[in-house]
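Working notes for the structure below.
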Amino acid sequence: FMLNKCLFPAAGHGTRFLPATKAVPKEMLPILRKPLLQYGVEEALAANINNISIVTGRGKRAIEDHFDNAFELESQLIGTSKEYLLTEIKEVIEKATFTYVRQPSMLGLGHAILTGESLIGNEPFAVVLADDLCYSPDKGVLAQMLEVYKKYKCSIVAIEEVPEDQVDKYGIITGKLLDESDDTFLVTNMIEKPNIGEANSNLAVIGRYILTPDIFNILKNTKPDKNNEIQITEALNEQAKKGNVIGYKFKGIRFDCGDVDGFVSATNYFAKNNL
Ligand code: G1P
């Protein structure tokens, strides 16, 4: 059983957080002391996925520096009472291997994932959108999804119910319940950001995917939408038509940290619960 690569699309501008994101990648914004992207990488490591591939862009070099040793800083802190502050990131650096590719222009999430093809190759892989921060007390969302993948060996999307008036922010699935005990759905249709009132369900895809590598060829043939963006939802819908996508209602909570309100909620939750 092989699934040891996780792709992190991280090329977006983070305009909703300007001016903070003018020079700082949005993936580096912290919830308490830890950058969003590090939470995502730790979730992958907790699922025994240690090959971390990041799709970056201009102005994102801080990401590469974060996941590397910082000799001067470390030699200053070593033996002091502050040394422990680097423990978690040192552990991440030790366990994971990082590869990077740049997306030269923003042409949508599907295009970002396709840009990662040279890092992933012809094997199934996970995708994490770091601004969807997930917290599960027992088992991380990716580890939960790997179990579903082991059983079905097809693409898996993490889903959650959202209020009816928010379906226009997400990819929405239509599906048939497969197994009530583990909350898996056979996806029959997927639509990206439907108008409110036009969706068949309120089951929204959140930023965790396991994709089979045929997705790359599908993405190559996926037409850009009206905003000139290639959507992963569209490509997944092609797999879904063949019965090859499972929706999984994950256990845990998720914060939309791509949005200021969600970011504040995550901060409060993590502070209150000493996470
Ligand atoms: C992306 C996807 C969407 C998905 C969402 C999850 O949208 O296109 O299908 O539901 O992530 O966060 P974005 O949030 O990048 O607009």
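The working numbering numbers the first residue of the sequence shown as -1 and each following residue consecutively. Glycine included, every Cβ here is placed at the ideal spot set by N, Cα and C.
Check your understanding: Helix, strand or coil: how does DSSP classify Glu190 here?
Key -> strand
Point to revise | Same chain only: Cβ atoms within 7 Å of Ala8, ignoring 5 sequence neighbours per side | key: Pro23, Glu25, Leu35, Ile52, Val53, Thr54, Lys58, Ile61 and Ala128
Exercise for review: Can you have a look at Tyr114 and say buried or exposed, based on whether 16 or more other CB atoms are within 10 angstroms of its CB?
Suggested key: Looking at the sequence shown, residue 114 is not Tyr but Gly. By the 10 Å Cβ count, Gly114 comes out buried.
Point to revise | Segment limits, alpha helix (DSSP H) that includes Ser236 | key: The residue asked about is misnamed: residue 236 is Glu in this sequence, not Ser. Taken as a continuous stretch (DSSP letters only), the alpha helix (DSSP H) holding Glu236 covers Ile230 to Lys239.
**Study point:** Rounded straight-line distance, which links the Cα of Gly77 to that of Gly119
**Key:** 43 Å
Exercise for review: State the start and end residues of the unbroken alpha helix (DSSP H) segment that holds Asp63.
Suggested key: Arg59 to His64
Review point. Do you know offhand how far Tyr133's Cα is from Arg14's?
Key: 23 Å
Check your understanding: Just the Cα atoms here: how many angstroms apart are Gly245 and Lys151?
Key -> 13 Å
Check your understanding: By a C-beta neighbour count over all protein chains shown, 10 Å radius and 16 as the cutoff for buried, is Asn219 buried or exposed?
Key -> exposed
Exercise for review: Please indicate yes or no: does the CB of Leu127 lie closer than 7 Å to some heavy atom of the ligand G1P?
Suggested key: yes
Review point. Curious, which full-length beta strand (DSSP E) runs of at least 3 residues does the segment 135 to 208 contain?
Key: 153 to 159, 169 to 177 and 182 to 190
Practice item. Tell me, please, whether the CB atom of Ile216 is closer than 8 Å to any CB atom in chain C? Key: Absent from the structure is chain C; it holds one protein chain and no more.
Review point. With Tyr168 and Val160 assumed to form a contact (beta carbons below 8 Å), what rounded beta-carbon distance in angstroms separates them?
Key: 6 Å
Review point. Should the segment 218 to 235 be regarded as contacting the segment 96 to 113, the criterion being three or more beta carbon pairs within less than 8 Å?
Key: yes
Check your understanding: Among residues of its own chain, excluding the 5 on either side of Lys149, which ones have a beta-carbon nearer than 7 Å to its beta-carbon?
Key -> none
Review point. Run through DSSP, which three-state label would Leu273 get?
Key: coil
Review point. Buried or exposed: which applies to Val203, given that a residue is buried once 16 or more other Cβ atoms fall within 10 Å of its Cβ?
Key: buried
Review point. Which residues in the same chain as Phe261 place their Cβ atom closer than 6 Å to its Cβ, once the five residues preceding and following it in sequence are excluded?
Key: Cys255
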